[in-house]
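Participant: Have a look at the structure that comes next, please.
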Amino acid sequence: MTSLVDARGVSKNFGSTRAVDNVSFEIEKGKILGLIGPNGAGKTTLLKAVLGLTDCEGHLSVLGFDPFRQRKQLMQNICFIADVAVLPRWIKVSQILDYVEAIHPNFSRSRAEGLLQQTKVQAGARVKELSKGMVTQLHLSIIMAIDAKLLVLDEPTLGLDILFRKEFYANLLNDYFDEERTILITTHQVEEIENLLTDIMFINDGKILLDSSMDTLGDTYIELQASGDDAQKARGLGPIAESEMFGKSVMLFEGVSREHLVGLGDIRIPSVADLFVAKIKEARK
Amino acid sequence: MIAHQLALIKRELWEHRSIHVTPAAVALIVTLGVLAMLMLASGFAKELEMAIFGAQNIVGDAERRVALTGFFLMTSWVFLVALMFVTVFYSLDCLYAERKDKSILFWRSMPATDAETVISKLLTAAIVIPAITAVGIWVTHIVNLIVTSIWVSAKGGDAGVLIWGSISLFDNWLAALLIVVASGIWMSPFIAWFLFVSTWASRMPMLMAFMPPIVLGLLEWIVFRTQYFFTTIGTRGDMTPLFHSLSVERFFKEEQWRDGVQNISLLEHMDLVGFVTDPGFWSGLLVCGILTTAAIYVRRYRDDS
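Line order of the protein sequences matches chains Y and C. Counting from 1 along the first sequence, just add 5 to a position and that's the residue number in the numbering used here. Counting from 1 along the second sequence, just add 11 to a position and that's the residue number in the numbering used here.
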């Protein structure tokens with residue numbers, strides 16, 4: 006495996022606030038990594054560091070480049086959607102295609118136009134005349150027509166309805182992603198993306214709480230639904246979180262062998278959302 | 012690099028439509044003004060031997076040449092005033108608006124550096140807008156010469172001699188181009204200051220651009236009772252090195268009484284060598300370079316997103 010992103014001891018301060026605190030991680034080629042964290046956790050700052058939009062302490066290499074100092078080279082092989090509203094409102098669809106074609110060496114105009122033909126976005130329309138969903142379709146069409154090695158998506162579907170959100174991720178998976186490409190994504194709507202992720206990272210107060218592949222998540226974390234004496238026995242194994250549901254105790258275990266829990270209740274792999282809530286609560290204790 | 016600059020400048024023209032709309036509007040206003048003057052003049056046709064551009068008493072060859080060149084200079088001056096307003100508003104808006112509407116995140120997602128972006132805006136303000144203004148002057152001039160020719164011909168005059176034969180078109184047009192482009196370069200320290208304010212100001216860039224110099228000038232006057240700062244800024248506006256100590260009044264007087272049949276050459280009154288060898292030219296470029304670097308630095312390191 007080849008590391009596209011290599012971060013070691015990365016930190017970023019804003020005055021006395023430590024937004025990213027001594028973070029280390031790697032992202033390998035062909036992965037879809039979800040960076041999940043509550044508001045103010047430091048995920049956008051970390052993404053900005055990866056994109057070379059902000060400087061940081063420590064060692065950070067993206068595609069072999071120092072992102073802040075070699076931004077121009079980096080941007081030829083990386084693209085990002087920061088928010089649905091960032092496309093300039095005054096520009097025409099045809100003009101934005103002209104511009105990207107002239108500026109980006111890896112942009113295929115014919116591919117972008119082909120993708121746009123599947124939507125209602127007209128070449129002569131200005132961005133301000135498009136609906137929020139259509140702006141996202143336009144942005145995604147541009148991004149998907151760029152032959153980039155790393156795609157960074159920061160809350161890409163914010164403010165979109167469920168239909169557009171589903172379509173966005175379906176297009177991303179079907180028309181864009183392949184083993185040569187890597188996607189780094191942050192979103193609050195974690196339930197919608199957990200099935201497409203290959204890896205997951207939780208961040209809180211600038212620190213990484215969890216860095217795991219989705220495949221091995223079930224080996225480390227187990228959710229148990231138990232009641233009565235079984236619940237009492239399970240509590241003795243040290244769950245990292247516990248809640249009540251329909252009269253049963255729902256417990257989440259980390260690093261506890263499956264054999265110890267079999268027979269105490271229903272066992273399943275926790276959802277990313279449940280795991281996220283449990284890890285954040287644990288970190289705040 | 013050049014392909015990037017062309018794409019970035021094209022983008023500026025798309026976004027800031029006032030760059031081409033304003034010269035077009037000025038051209039229309041000047042043309043309508045000329046038409047109005049001609050119609051007004053035709054009302055007194057009995058008293059006029061030949062009225063050109065409303066200058067009713069022009070009868071001699073030399074006077075007519077002065078009037079024609081005078082009209083051209085007047086047209087150019089109107090365009091120059093419009094150029095000044097367009098440049099100030101453009102320079103103050105171009106790096107501020109992208110932060111305000113957050114489109115800076117999209118622009119920065121493309122492989123164009125902050126230096127390329129800021130330089131494209133400087134080139135737009137200092138070279139492209141003046142060049143478009145020059146084209147506006149040429150088009151307005153030619154349209155109005157045609158309109159006047161039709162009017163003169165209708166009055167029985169020979170437009171070929173009276174109008175087209177009395178003005179050095181290419182001399183005047185080249186002079187206009189040199190004047191507007193030279194003005195952009197000469198004023199580049201101010202443009203760079205506006206660009207710096209545009210990328211630095213959190214709000215009200217217009218106020219932020221004009222307030223510090225005004226306060227500085229007033230402080231100098233209050234403390235030292237001198238006005239060097241205001242004088243330095245104010246006198247830069249007359250572009251002295253390009254025209255030396257040319258007085259407009261004297262220019263017309265001298266040209267009006269000049270013997271011979273030669274048409275007026277505006278280029279003769281310009282000193283390009285003196286302009287580019289003047290210390291003010293180079294010190295201006297130095298200030299422009301420092302402020303542009305500062306604007307690039309602020310855009311690069313500022314985090315508004």
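Cβ atoms here follow ideal geometry from the backbone N, Cα and C, with glycine treated the same way.
(1) Would you mind stating whether C:Val192 and C:Pro252 have Cβ atoms separated by less than 8 angstroms?
(2) Just checking my contact of C:Val129 with C:Leu206 at CB under 8 angstroms: how many whole Å lie between their CB atoms?
(3) Any beta-carbon of chain Y closer than 8 angstroms to the one on C:Ser29?
(4) I need the straight-line Cα distance from C:Phe240 to C:Gly300, nearest angstrom please.
(5) Among Y:Glu172, Y:Phe207, Y:His64, Y:Ile198, which residue has its Cα nearest to the Cα of Y:Lys286?
(6) Give me the chain Y residues within the contact set of C:Thr124, using Cβ-Cβ distance strictly less than 8 angstroms, ordered along the chain.
(7) Taking beta-carbon pairs under 7 angstroms, can you tell me which members of the stretch 107-120 of chain Y lie near chain C?
(8) With distances taken Cα to Cα, identify the nearest neighbour of Y:Trp95 among Y:Glu249, Y:Glu134, Y:Gln81.
(9) Per the DSSP calculation, Y:Gln230 is bridged to which residue(s)?
(10) Compare the C-alpha of C:His152 against each of C:Leu188, C:Ser120, C:Asp169, C:Phe100 and name the closest.
(11) According to the Cβ coordinates, are C:Ala34 and C:Thr124 closer than 8 angstroms?
(12) Is Y:Met80 close to chain C, meaning its C-beta is less than 8 angstroms from at least one C-beta of that chain?
(13) Please state whether DSSP places C:Leu206 in a helix, a strand or coil.
(14) With a threshold of 8 angstroms between beta-carbons, can C:Trp197 be considered close to chain Y, or not?
(15) Three Cβ pairs or more, each shorter than 8 angstroms: is that satisfied between the stretch 86-106 of chain C and the stretch 204-219 of chain C?
(16) What does Y:Ala12 pair with, by DSSP beta-bridge criteria?
(17) Near Y:Gly223, what residues of its chain come up, given a Cβ to Cβ distance below 8 angstroms and the 5 sequence neighbours on each side ignored?
(18) I'd like the span of the alpha helix (DSSP H) that includes C:Met215, first residue to last.
(19) Using a C-beta to C-beta distance shorter than 9 angstroms, which residues of chain C count as neighbours of Y:Leu51?
(20) Shorter than 8 angstroms from the beta carbon of C:His15 to some beta carbon of chain Y?
(21) Residue range of the alpha helix (DSSP H) that Y:Glu197 falls in?
(22) Apply the 10 Å Cβ neighbour rule to C:Trp293 and answer buried if 16 or more other Cβ atoms are within range, or exposed otherwise.
(23) Less than 8 angstroms between the beta carbons of Y:Leu158 and Y:Ile205, yes or no?
(24) If you check the beta carbons only, do Y:Leu214 and Y:Lys284 fall under 8 angstroms apart?
(25) Consider the Cβ of Y:Ala87: report whether some Cβ of chain C lies at a distance smaller than 8 angstroms.
(26) Beta-carbon within less than 7 angstroms of Y:Lys48's beta-carbon, same chain only, minus the 5 sequence neighbours each way: which residues are those?
(27) If we count Cβ pairs, one from each stretch, closer than 8 angstroms, do we get three or more for the stretch 68-76 of chain Y versus the stretch 91-107 of chain Y?
(28) Could you work out which residue in C:Leu17, C:Ile148, C:Ile157 is closest to C:Val92 when comparing CA atoms only?
(29) Taking the CB atoms as reference points, tell me whether C:Ile138 and C:Val97 lie closer together than 8 angstroms.
Facilitator: Reading off the structure:
(1) no
(2) 7 angstroms
(3) no
(4) 20 angstroms
(5) Y:Phe207
(6) Arg76, Lys77
(7) Ala107, Ile108, His109
(8) Y:Glu134
(9) Y:Val255, Y:Asp271
(10) C:Leu188
(11) In the sequence as displayed, the identity of residue 34 of chain C is Pro instead of Ala. The answer is no: Cβ separation not under 8 angstroms.
(12) yes
(13) helix
(14) no
(15) yes
(16) Y:Phe30, Y:Leu65
(17) Ile274
(18) From DSSP, C:Met215 is part of no alpha helix (DSSP H); its letter is neither H nor E.
(19) Chain C residues near Y:Leu51: none, gap ~13 angstroms exceeds 9 angstroms.
(20) yes
(21) 195-198
(22) exposed
(23) no
(24) yes
(25) yes
(26) Leu40, Gly42, Thr191, Ile208
(27) no
(28) C:Ile148
(29) no
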